[in-house]
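Participant: Before I ask anything, let me first share the structure, which is written out below as structure tokens.
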Ligand SMILES: [Zn+2]
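Residue numbers (this note's numbering): 869 to 1357.
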């Protein structure tokens, strides 16, 4: 074969490849737009002013990892006033840790039900760091300040008002609708979601879908001027490991080749390499695709083809430089403790302990990864034990509820997009997915990065406008979902 022929051959291959990159894009999501005309006219403005007052009162009950019963009774009193029955379920032996359930029954009670859920508890808040006292429910202008305003009493109030509307407007439901406010989410749910799933499993009979926290709408984050509803449909799993290594002690002036602290450092260097691989699955590709819709050329071109082998190399650079994108696309490794039990500065100590927090992508085997790290530890004489192993969880992004929620959110806020979101942290949805429920997480309002920083941070706040958008999106989602279900029958 002549050089000339080889040259043409290579050019030909390059041409085919370029055609491939031009024509083959990833798939985005498929929102179902709401069917206009079937939704009653609601004065969301007046309604959100009432909701704001209830949010202020709810914040004033300082449910810091406890006292959820008072929060549950507060919600119950509002439901009572509207003539909706509900019940408070206490954790046996700890009546203070309570959850609340209310239901509106649909025509078909056996399947397809939808749960609106949130948690009553909040995390701590240090008043010294805040401009407003965190448990006073202060309102300034249209902004309500307080611990839980965003995470997640604000969402609870949005859900409550959507639930009222279904009741008051006598919306005919095809399937059951539940309002569920849970205890103990912030401390791993022993007295809340996990308790109800284990001891009151019957509550969930006939239910198929859950709308919960886990994602938010964002304004001006990621791309300037963007309005994005990040609908959480998957959560990463956790591999929490304790580490220990022992060797002979010695003098700092004459170090042996191997000693405890050095073995630990060498081992940790190796473990970190386990988090080096970037993986873009189908959902993450759809996430980047939707961001492509908001971007201009050439970014849009790259984002819509995130798994193209050449363009991936460009995107990889962007992913590497952003810790949120990194967390969405790989198993992460965080070194969360190293202790050499230090004595004097010239003493080599005999024991070093440590801990590692790994977060793994859904679909990966937590036991296998633990085993892999354990085997690596043997090489460095580091003993590895598992404190907690949990797989990631995932719900489909082509289910009717996901598509309806996306379509409704985009119609309520023109110019916005909805994207599937894989969250690095976990919520109660991980327990609910484990019993077969399809769970999606969204605070359906547009938050700025400052407002998102208020979550577990300082000056947490939500505006009346955000409450209004949330109530409208949730109410319309319930209506549209039941409409789609009705057409199936
Ligand atoms: Zn939360």
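We put the CB at the ideal spot given by N, CA and C, even for glycine.
1. Out of 1337, 1193, 1162, 1171, state which residue places its alpha-carbon closest to the alpha-carbon of residue 1145.
2. Going by alpha carbons, who is nearest to residue 949 out of 922, 995, 994?
3. Between the Cα of residue 989 and the Cα atoms of 1085, 929, 1299, 1172, which residue gives the shortest distance?
4. Between the beta-carbon of residue 1251 and the beta-carbon of residue 1245, is there less than 8 Å?
5. Under a three-way DSSP split, which group does residue 902 fall into?
6. Enumerate in chain order the residues of its own chain whose CB-to-CB distance from residue 1218 is below 7 Å, with the five nearest sequence positions on each side excluded.
7. Can you list the residues near ligand 1, meaning Cβ strictly closer than 7 Å to any non-hydrogen atom, in the order they appear in the chain?
8. Is it buried or exposed, residue 1233, if we count other Cβ atoms within 10 angstroms and call 16 or more buried?
9. Within the same chain, show all residues whose beta-carbon is closer than 6 Å to that of residue 1249, passing over the 5 residues directly before and after it, in chain order.
10. Just to confirm, are residue 1023 and residue 1081 a CB contact at a threshold of 8 Å?
11. Residue 1050: which of 1032, 1342, 1077, 1020 sits nearest, CA to CA?
12. Which ranges does the alpha helix (DSSP H) cover as unbroken runs of at least 4 residues, wholly within the stretch 1143-1207, from first to last along the chain?
13. So, for residue 1161: in the same chain, excluding its five sequence neighbours on each side, which residues have a beta-carbon less than 6 Å away from its beta-carbon?
14. Apply the 10 Å Cβ neighbour rule to residue 1302 and answer buried if 16 or more other Cβ atoms are within range, or exposed otherwise.
15. In whole angstroms, give me the CA-to-CA distance for residue 1025 and residue 1126.
16. Check this for me: beta carbons of residue 1076 and residue 1306, under 8 Å apart or not?
17. Tell me the DSSP secondary structure of residue 1220 in three-state form.
18. Quick check on the DSSP output: the alpha helix (DSSP H) that includes residue 1035 runs from which residue to which?
19. So for residue 1010, helix, strand or coil by DSSP?
20. Going by beta carbon distance, what residues of the same chain come within less than 6 Å of residue 1063, once the five residues before and after it are set aside?
21. Within a Cβ cutoff of 7 Å, which residues of the same chain sit near residue 1172, ignoring the five residues on either side of it in sequence?
22. Does the beta-carbon distance from residue 1310 to residue 1083 come in below 8 Å?
23. Over what stretch of residues does the beta strand (DSSP E) that includes residue 956 continue unbroken?
24. Can you tell which of 1330, 907, 1070 has its C-alpha closest to the C-alpha of residue 1033?
25. When burial is assigned at 16 or more other CB atoms within 10 Å of the CB, is residue 965 buried or exposed?
26. What's the C-alpha gap between residue 1353 and residue 1339?
27. Do residue 1346 and residue 919 have their C-beta atoms within less than 8 Å of each other?
28. To the nearest angstrom, report how far apart residue 1195 and residue 1292 are at their CA atoms.
29. Return the bridge partner residues of residue 1358 from the DSSP annotation.
30. Taking just the CA atoms, how far does residue 927 sit from residue 943?
31. Using 8 Å as the cut-off, can you tell me whether the stretch 1257-1274 makes contact with the stretch 1092-1105, which would need three or more C-beta pairs spanning the two stretches below that distance?
32. How would you call residue 1120, buried or exposed, if buried means at least 16 neighbouring beta carbons within 10 angstroms?
33. In angstroms with no decimal places, state the Cα-to-Cα distance between residue 1137 and residue 1111.
34. Using alpha carbons as the reference points, say which of 1004, 1140, 924 lies closest to residue 1237.
35. Between the beta-carbon of residue 974 and the beta-carbon of residue 1041, is there less than 8 Å?
Facilitator: Walking through what the data contain:
1. 1193
2. 922
3. 929
4. yes
5. coil
6. 1114, 1115, 1116, 1117, 1128
7. 987, 1019, 1020, 1053, 1054, 1081, 1295
8. exposed
9. 1113, 1131
10. yes
11. 1020
12. 1150-1162, 1167-1171, 1177-1188, 1191-1197
13. 1285
14. exposed
15. 59 Å
16. yes
17. strand
18. 1021-1036
19. coil
20. 959
21. 893, 894, 1157, 1160
22. yes
23. 954-959
24. 907
25. buried
26. 21 Å
27. no
28. 6 Å
29. Any question about residue 1358 goes unanswered here, given that the chain covers just 869 to 1357.
30. 12 Å
31. yes
32. exposed
33. 14 Å
34. 1140
35. yes
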